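Protein chains in written order, with numbering that gives the first Met the number 0: chain A, 0 to 65; chain B, 0 to 65; chain C, 0 to 65; chain D, 0 to 65; chain E, 0 to 65; chain F, 0 to 65. Backbone N, C-alpha and C define an ideal beta-carbon position, used for all residues, glycine too. Quantities reported herein were computed from a predicted structural model and do not represent experimental measurements.
6 protein chains.
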Amino acid sequence: MPYIDIQIFEGRDEEKKQRLVSAITKDVSEILEIDPEGITIAITEYKQENWASGGVLFSKKNYQVK
Amino acid sequence: MPYIDIQIFEGRDEEKKQRLVSAITKDVSEILEIDPEGITIAITEYKQENWASGGVLFSKKNYQVK
Amino acid sequence: MPYIDIQIFEGRDEEKKQRLVSAITKDVSEILEIDPEGITIAITEYKQENWASGGVLFSKKNYQVK
Amino acid sequence: MPYIDIQIFEGRDEEKKQRLVSAITKDVSEILEIDPEGITIAITEYKQENWASGGVLFSKKNYQVK
Amino acid sequence: MPYIDIQIFEGRDEEKKQRLVSAITKDVSEILEIDPEGITIAITEYKQENWASGGVLFSKKNYQVK
Amino acid sequence: MPYIDIQIFEGRDEEKKQRLVSAITKDVSEILEIDPEGITIAITEYKQENWASGGVLFSKKNYQVK
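Dropping the structure here:
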């Protein structure tokens, strides 16, 4: 505890994911005064055809994952 | 907001997913009086060996995804 | 199956929730060709101080739930 | 109802998953006095590069899935 | 890891919840050969007016939580 | 997109939550090169009797939320 689920588009490499969990763990640990060892982060990756806003799938928009 | 997560079996094509998010976005927008642009939908796809009811995986039942 | 989780702000009454699950069940049943009895919908309600976009909690914005 | 989501690392075969849903369904049915047919279990599988504790991805630790 | 989310109706007391997490932790530990200390369980409680099957809220059915 | 769900124990005030979403939004925006406006964060609060590790509810441990 805490448990954090981050939902992103697929396409980021392991180093970017590592930077992400490192930064978020540090912030959560400091702000909530929690031992980093107790912080769990799950990354859930979505294809653009499995995510929509405004009623339109992202696979039908011009969206670039960096 | 709102955020909607739809958990389905894998096997539907992009057009079926587009019809699904289009219809649900329209429903939610009308009933909750929300701008469609604020409505996010995630589609999470499961294999039949990762879903169970009555203590039995769907991969062990005779279940057809249409 | 399917299982659908709708995350909304608190403040809607039972009749509005009933209209919401009724409309979504009908759409999902028709588009995915599934018996309505197999469709489960969970409504998860959030306080405005538990939801943020752009790094700002909704409790700090001027947002009206209808 | 109930709906149970089990998040594990990928790499278990169908028989292990079947034993898992069978045991959990039996326990939940007995303890909550619920018909097993009403119990749904979803298994969500993660790669080790999508799960972190202590700010470090499991793909960077020496972790063995049995 | 693993992380397990159990979604139930509200109304069970702490002892029933303790029996539930104890039994599920034992199941998962034995079948997946995992140290129980690594197993996290979240219980998410729903009101009957926030859960539907067949397009009808449970608050509108005759459903008894034991 | 992305959508982030943070599961914490109840008991933090609005200012602590605001600092949390502000820091995480900044992290995610910088590392994934995403406009902060596209980042959604949900905070889901749990009672200690609804969270367990090692098969024991936190309400039965000596755990302090700061």
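Euclidean distance between Cα positions of residue i and residue j
i: residue 35 of chain B; j: residue 19 of chain B; result: 14 Å
i: residue 51 of chain B; j: residue 52 of chain A; result: 30 Å
i: residue 33 of chain B; j: residue 29 of chain C; result: 24 Å
i: residue 8 of chain D; j: residue 40 of chain E; result: 16 Å
i: residue 63 of chain C; j: residue 57 of chain C; result: 10 Å
i: residue 26 of chain E; j: residue 65 of chain C; result: 45 Å
i: residue 0 of chain A; j: residue 1 of chain B; result: 25 Å
i: residue 21 of chain A; j: residue 21 of chain C; result: 43 Å
Residue from the options with nearest C-alpha to residue i
i: residue 42 of chain A; options: D:21, D:65, D:6; result: D:6
i: residue 10 of chain D; options: E:58, E:31, E:54, E:49; result: E:31
i: residue 48 of chain D; options: A:59, A:48, A:44, A:51; result: A:44
i: residue 23 of chain C; options: E:13, E:55, E:15; result: E:55
i: residue 3 of chain D; options: D:38, D:57, D:63, D:16; result: D:38
i: residue 46 of chain A; options: B:0, B:1, B:16; result: B:16
i: residue 60 of chain F; options: E:26, E:13, E:1; result: E:13
Any C-beta of chain E under 7 Å from that of residue i
i: residue 10 of chain F; result: no
i: residue 56 of chain F; result: yes
Listed by chain order, chain C residues near residue i by CB distance under 8 Å
i: residue 7 of chain B; result: 0, 1, 31
i: residue 25 of chain F; result: 54
Chain-ordered chain A contacts of residue i [CB-CB under 7 Å]
i: residue 48 of chain D; result: 13, 16
i: residue 43 of chain E; result: The premise fails here: residue 43 of chain E is roughly 12 Å from chain A at the closest Cβ pair, so nothing lies under 7 Å.
Chain E residues whose Cβ lies nearer than 7 Å to that of residue i
i: residue 20 of chain C; result: 51, 54, 56
Neighbour flag for residue i against chain F, beta carbons, 7 Å
i: residue 4 of chain A; result: yes
i: residue 65 of chain A; result: yes
Contacts that residue i makes with chain E (C-beta to C-beta distance below 8 Å)
i: residue 38 of chain D; result: Result: empty, since nearest Cβ-Cβ is about 10 Å, beyond 8 Å.
Contacts of residue i in chain C (Cβ-Cβ under 7 Å)
i: residue 34 of chain B; result: Those within 7 Å of residue 34 of chain B in chain C number zero; the least Cβ separation is about 11 Å.
Contacts that residue i makes with chain D (C-beta to C-beta distance below 9 Å)
i: residue 59 of chain B; result: 13, 17
heavy atom of the ligand PLP below 6 Å from residue i C-beta
i: residue 65 of chain D; result: As for the ligand PLP, it is missing from this structure, which has no ligand bound.
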